[in-house]
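Colleague:
Chains as they are written, first to last, in the working numbering: chain A, 21 to 325; chain B, 86 to 405.
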């Protein structure tokens with residue numbers, strides 16, 4: 021008993037430090053450092069969330085009023101000229117849907133087949149590494165450059181601004197998203213499935229088309245919806261490709277109105293009615309993108325393997 | 086031959102014919118995917134080439150002097166890109182100055198367990214939403230909400246620090262500094278998402294080791310975790326820079342489109358993409374060509390930044 025007490029005393033005095041002296045002297049400063057940093061980080065989060073809260077609040081307060089005031093007419097009427105009250109953006113809604121659809125028609129087959137090469141056939145060889153590099157670089161190309169590209173290859177060739185040119189411009193922006201998510205989906209298929217396919221003598225095409233691609237379909241769908249969400253909000257690539265149209269467009273070879281270009285034109289216009297319509301259109305676009313993104317999230321959760 | 090061998094041979098022939106079609110389809114399918122995969126690279130070349138071919142008259146006319154000239158005069162067909170190059174780079178750098186500390190701070194917050202997961206997940210989702218808002222909506226928000234809101238503050242800065250060249254003009258309602266702030270908000274999600282991923286994917290042994298040596302949470306973060314995730318964080322910053330350089334709508338709506346290089350951040354300015362968005366509609370001939378020349382400069386700038394980002398992020402993935 022007494023001996024153990026003695027060893028305790030000896031042990032505690034080995035470093036010649038009174039109990040508690042060490043941690044009091046040092047931790048005060050260290051604790052403060054920690055608290056200050058935690059405070060800083062929390063204020064960072066507050067500052068980051070604030071603009072979003074403000075944007076959502078303004079969208080709801082300005083957009084909802086307009087949507088409720090002229091409820092059906094906003095969706096059924098054409099955009100108003102300056103100094104005219106009322107009006108809506110039915111042509112812009114159909115235009116946004118149409119250009120996004122055209123973009124998807126081009127970029128989906130392209131993106132999915134490219135991803136099939138890099139994951140199924142290339143399997144990390146030089147070419148597939150190069151393709152992945154190009155995909156990432158392509159996703160960094162500014163959206164206005166995609167617009168100028170479509171202007172150069174479609175508008176100049178056809179001699180007119182058109183929905184097709186808009187779709188081409190959007191497809192350049194959608195492609196990297198679709199390639200990446202499809203790659204993820206293909207990679208998520210377990211090795212045993214591929215071994216089984218080889219075992220029953222399926223060719224690559226049979227295996228990919230009847231088993232592997234259907235199994236990774238949730239990922240492909242996620243990629244497509246994410247790409248659509250991006251395309252629905254893009255303005256810069258449409259400015260010189262789809263242009264704008266005050267009226268309903270009668271074909272794919274004509275200029276076409278889109279919600280995003282309508283927001284741009286009407287937000288910088290000096291007329292109050294047009295500004296209000298821009299807020300209403302912005303609310304519609306953001307809600308559309310939100311709905312698509314939430315859909316994308318719920319799709320990924322339906323994994324098959 | 087006995088009947089059995091004939092039938093055997095027949096089935097062999099039959100089966101080889103049967104299997105020919107799938108083989109062929111398989112070959113075609115393989116080469117189709119190869120062709121499309123290669124064309125992703127070709128599209129990049131095609132984009133550059135199509136810009137180059139339309140820009141060619143302007144390149145021949147103005148040569149390299151285009152980069153250093155401040156004139157933009159459609160009447161006399163004299164063009165120069167200096168104000169736009171300056172505005173593009175300065176607005177992006179000022180945006181980064183605000184977005185880096187904010188973004189890394191939020192990334193650290195989201196990668197640690199300051200709050201229970203139940204609260205963290207919605208916060209992460211809300212910040213992801215920032216990326217989903219179209220840039221034209223940011224532009225409109227800037228016009229009607231943000232600039233009127235910060236203008237009094239900028240006036241105060243002008244009042245006290247007006248002797249500094251950066252703040253030497255009366256804050257204008259369309260100006261470079263406010264545009265850069267909106268750009269900072271827009272590139273935040275890029276920095277947050279990738280920095281957070283690289284912080285989360287640091288090996289847990291690092292944290293355990295640091296805690297074992299008696300380091301506090303923040304000592305671990307600042308001296309161990311953030312340095313080990315640094316290449317991912319730098320990659321995210323480069324990607325964000327690429328996005329800020331090419332951002333069009335917010336800049337076109339907020340920056341004021343003045344073709345002068347002004348030292349003051351409170352003065353109107355211009356960026357390459359804003360100039361294109363504003364002038365392309367009425368441009369033709371040499372002016373359109375000059376706009377494509379500017380686009381080519383922007384393309385080269387963003388390509389370099391993005392390739393660098395790609396190399397840095399790849400290195401971080403390999404280390405991992």
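Note that CB positions come from ideal geometry on N, CA and C, so glycine has one too.
Within a Cβ cutoff of 8 Å, which residues of the same chain sit near residue 167 of chain A, ignoring the five residues on either side of it in sequence?
Modeller: Answer for residue 167 of chain A: 189, 256, 257, 258, 259, 260, 261, listed in chain order.
Colleague: 8 Å is my cut-off, CB to CB: does residue 217 of chain B come that close to chain A?
Modeller: Residue 217 of chain B counts as touching chain A.
Colleague: In angstroms, rounded to a whole number, what distance separates the CA positions of residue 287 of chain A and residue 240 of chain B?
Modeller: Cα-Cα distance, rounded: 25 Å.
Colleague: Going along the chain, which unbroken runs of the alpha helix (DSSP H) with 4 or more residues stay wholly within the region 210–279 of chain B?
Modeller: Those alpha helix (DSSP H) runs which fall completely within the region 210–279 of chain B and span 4+ residues are 220–226, 232–246.
Colleague: Is the beta carbon of residue 389 of chain B within less than 7 Å of some heavy atom of the ligand NAP?
Modeller: Within the structure as shown, the ligand NAP is missing, as the structure has no ligands at all.
Colleague: Just to confirm, is the Cβ distance from residue 151 of chain A to residue 120 of chain B under 8 Å?
Modeller: No, Cβ-Cβ distance for residue 151 of chain A and residue 120 of chain B is not below 8 Å.
Colleague: Name the DSSP bridge partner or partners of residue 158 of chain B?
Modeller: Partner(s): B:163.
Colleague: So within the region 299–344 of chain B, which uninterrupted alpha helix (DSSP H) runs reach at least 4 residues, ignoring any that extend past its ends?
Modeller: Fully enclosed alpha helix (DSSP H) runs of 4 or longer: 302–305, 315–331, 334–339.
Colleague: Using the beta-carbon count (16 or more within 10 Å), is residue 378 of chain B buried or exposed?
Modeller: Under this definition residue 378 of chain B is a buried residue.
Colleague: Between which two residues does the alpha helix (DSSP H) containing residue 130 of chain A stretch?
Modeller: That run of the alpha helix (DSSP H) goes 110–136.
Colleague: Which residues in the same chain as residue 400 of chain B place their Cβ atom closer than 8 Å to its Cβ, once the five residues preceding and following it in sequence are excluded?
Modeller: Around residue 400 of chain B: 316.
Colleague: Would residue 337 of chain B pass as a contact of residue 359 of chain B if the rule is Cβ separation under 8 Å?
Modeller: Result yes, Cβ atoms of residue 337 of chain B and residue 359 of chain B sit closer than 8 Å.
Colleague: With distances taken from CA atoms, which of A:77, A:201, A:264, A:230 is nearest residue 214 of chain A?
Modeller: Closest option to residue 214 of chain A, Cα to Cα, is A:230.
Colleague: List, in order along the chain, the chain A residues whose C-beta lies closer than 8 Å to that of residue 105 of chain B?
Modeller: Residues of chain A passing the Cβ test: none, with the nearest at roughly 11 Å.
Colleague: For the alpha helix (DSSP H) that residue 280 of chain A lies in, which residues bound it at each end?
Modeller: First-last of the alpha helix (DSSP H) with residue 280 of chain A: 279–287.
Colleague: For a test of the three-state rule: what should DSSP assign to residue 172 of chain B, helix, strand or coil?
Modeller: The answer is helix: DSSP assigns residue 172 of chain B an H, G or I state.
Colleague: Rounded to whole angstroms, what is the Cα-Cα separation between residue 228 of chain A and residue 236 of chain A?
Modeller: Distance between the alpha carbons of residue 228 of chain A and residue 236 of chain A: 10 Å.
Colleague: Alpha helix (DSSP H) containing residue 298 of chain A: first to last residue?
Modeller: From DSSP, the alpha helix (DSSP H) with residue 298 of chain A extends over 292–320.
Colleague: Between the Cα of residue 205 of chain B and those of A:200, A:65, A:226, A:263, spot the shortest distance and give me the residue it belongs to.
Modeller: Of A:200, A:65, A:226, A:263, the residue nearest in Cα terms is A:65.
Colleague: Residues in the region 374–402 of chain B with C-beta within 7 Å of chain A's C-beta atoms, listed in sequence order?
Modeller: Cβ contacts with chain A come from 377, 380, 383, 384, 387, 388, 391, 392, 395.
Colleague: Within this structure, are the beta carbons of residue 384 of chain B and residue 165 of chain A separated by less than 8 Å?
Modeller: In contact: residue 384 of chain B and residue 165 of chain A (Cβ atoms closer than 8 Å).
Colleague: Near residue 257 of chain B, what residues of its chain come up, given a Cβ to Cβ distance below 7 Å and the 5 sequence neighbours on each side ignored?
Modeller: So the list reads 341, 351, 352, 353, once near-sequence residues are dropped.
Colleague: Could you say which of B:294, B:214, B:339 lies nearest to residue 265 of chain B if we only look at CA atoms?
Modeller: Looking at the Cα atoms, B:339 is the closest of the given residues.
Colleague: Residue 205 of chain A CB to nearest chain B CB: under 8 Å?
Modeller: Not one chain B Cβ lies under 8 Å of residue 205 of chain A.
Colleague: According to DSSP, simplified to helix, strand and coil, what is residue 224 of chain A?
Modeller: Three-state result, residue 224 of chain A: helix.
Colleague: Mind checking residue 150 of chain B: buried by the 16 CB within 10 Å criterion, or exposed?
Modeller: Residue 150 of chain B should be labelled exposed.
Colleague: Please confirm if the region 206–224 of chain A is in contact with the region 110–123 of chain A, defined as three or more CB-CB distances below 8 Å between the two stretches.
Modeller: No contact exists between the region 206–224 of chain A and the region 110–123 of chain A.
Colleague: Please state if the CB of residue 324 of chain B and the CB of residue 284 of chain B are separated by a distance shorter than 8 Å.
Modeller: No, the Cβ-Cβ distance between residue 284 of chain B and residue 324 of chain B is not below 8 Å.
Colleague: Taking residue 176 of chain B and residue 250 of chain B to be in contact with their CB atoms under 8 Å, please state how far apart those CB atoms are, rounded to whole angstroms.
Modeller: Residue 176 of chain B to residue 250 of chain B, Cβ: 17 Å. No contact.
Colleague: Could you work out which residues of chain A lie near residue 126 of chain B, taking near to mean beta carbons separated by less than 8 Å?
Modeller: By Cβ distance, chain A contributes 150, 151, 154.
Colleague: Have a look at residue 344 of chain B and residue 148 of chain B and give me their C-alpha separation to the nearest angstrom.
Modeller: Using only the alpha carbons, I get a separation of about 19 Å.
Colleague: In chain A, what lies closer than 9 Å to residue 226 of chain B by C-beta?
Modeller: Correct list: 71, 74, 75, 78, 79, 302.
Colleague: Leaving out the 5 sequence neighbours to the left and right, which residues in its chain are closer than 6 Å to residue 294 of chain A when beta-carbon positions are compared?
Modeller: The answer, listed in chain order, is 286.
Colleague: How big is the Cα-Cα spacing for residue 398 of chain B and residue 219 of chain A?
Modeller: Roughly 38 Å separates the two Cα atoms.
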